[in-house]
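Student: Following our numbering, the numbering of the sequence shown begins with 1 at its first residue and continues without gaps.
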Amino acid sequence: MIMLLSLLSLPVYGSDNSSPKAVIVRVNIKNNIFTVLERNIVYGYPPEHFVQWQDFKIKLLSENGVIEEYGVIDPRIRFYETLPGGNPEGFGARMVDEANLTLIFPFNSNLTEVSVNNYTSGAELVKADLKNMIAGFCSQNKNDSDCTGVAVEPRGTPAAPPDFAPLTGLLVIIALVALGLWQLKRRK
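1. Taking just the CA atoms, how far does Val72 sit from Asn118?
2. Measuring straight from C-alpha to C-alpha, what distance separates Ala128 and Ile29?
3. Considering only residues of the same chain and omitting the five flanking positions on each side of Lys131, which have a CB-CB separation below 7 Å?
4. Rounded to whole angstroms, how far is the Cβ of Ile104 from the Cβ of Ala22, which I believe are closer than 8 Å?
5. Using only the alpha-carbon positions, how far apart do Cys147 and Phe79 sit?
6. Under DSSP, the beta strand (DSSP E) around Ser62 begins and ends at which residues?
7. Once you ignore the five residues that flank Pro46 on each side, which residues in its own chain have a CB closer than 7 Å to its CB?
8. What did DSSP end up calling Ser115 once you bin it into helix, strand or coil?
Printed below as a string of structure tokens:
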């Protein structure tokens, strides 16, 4: 009986999901035209932005303004090693017409958009809306502590299925107790 009570007092796995999350936005650049390909939220740590390249400036935006900004390299620049006797530094670079820019940054429930800007002029090259994606994620993960205060589920996004994990755990405990009582009754 003491074991049963201790099992009931254990927290249910998955009831509070506060794992680190990252937002991934992929942008295609072809002939200087920027197109957002996809937006996702994944579990895991985003990379740190130690090196501040000065090709594009990424701005993470909320309703209240800029949350964070950092510089990234233009993915159309391809570096290569030169043959002996060529460039004294031993490498070269060339520009290609098309490449994908993958942005990975920390999840923040206040994010509304991410923009890619020319680092020098500040001109906006493309902007990706993140509101519906974040609202949809949070509506499916209501117990996630990072989603507190997020607006209700947007139209067109299906409702999250009910969470049966607590009920399943309780049913397993009841089955174990019933099996134990049946074994005790059988031994008498």
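For glycine and all other residues, C-beta sits at the position ideal for the given N, C-alpha and C.
Tutor: Inspection of the coordinates gives the following:
1. Walking along the sequence shown from the start, residue 118 turns up at place 118. Walking along the sequence shown from the start, residue 72 turns up at place 72. Straight-line Cα distance between these residues: approximately 10 Å.
2. Locating residue 128 in the sequence shown gives position 128, where the first residue counts as 1. Locating residue 29 in the sequence shown gives position 29, where the first residue counts as 1. One C-alpha to the other measures close to 14 Å.
3. What you label residue 131 is simply residue 131 of the sequence shown in a count that begins at 1. Here the set comprises Thr112.
4. As a position in the sequence shown, residue 104 is number 104, starting the count at 1. As a position in the sequence shown, residue 22 is number 22, starting the count at 1. Indeed, because the Cβ distance is near 5 Å, the residues count as touching under 8 Å.
5. Position 147 of the sequence shown, counting from 1, holds the residue named residue 147. Position 79 of the sequence shown, counting from 1, holds the residue named residue 79. Going by C-alpha positions, Cys147 is about 41 Å away from Phe79.
6. Looking up residue 62 in the sequence shown gives position 62. Under the DSSP assignment, Ser62 falls in the beta strand (DSSP E) whose first and last residues are 56-62.
7. To locate residue 46, count along the sequence shown from 1; it is residue 46. Taken in chain order, the residues that qualify are Ala22, Ile104, Phe105, Pro106.
8. Within the sequence shown, the letter at position 115 stands for residue 115. Strand, per DSSP.
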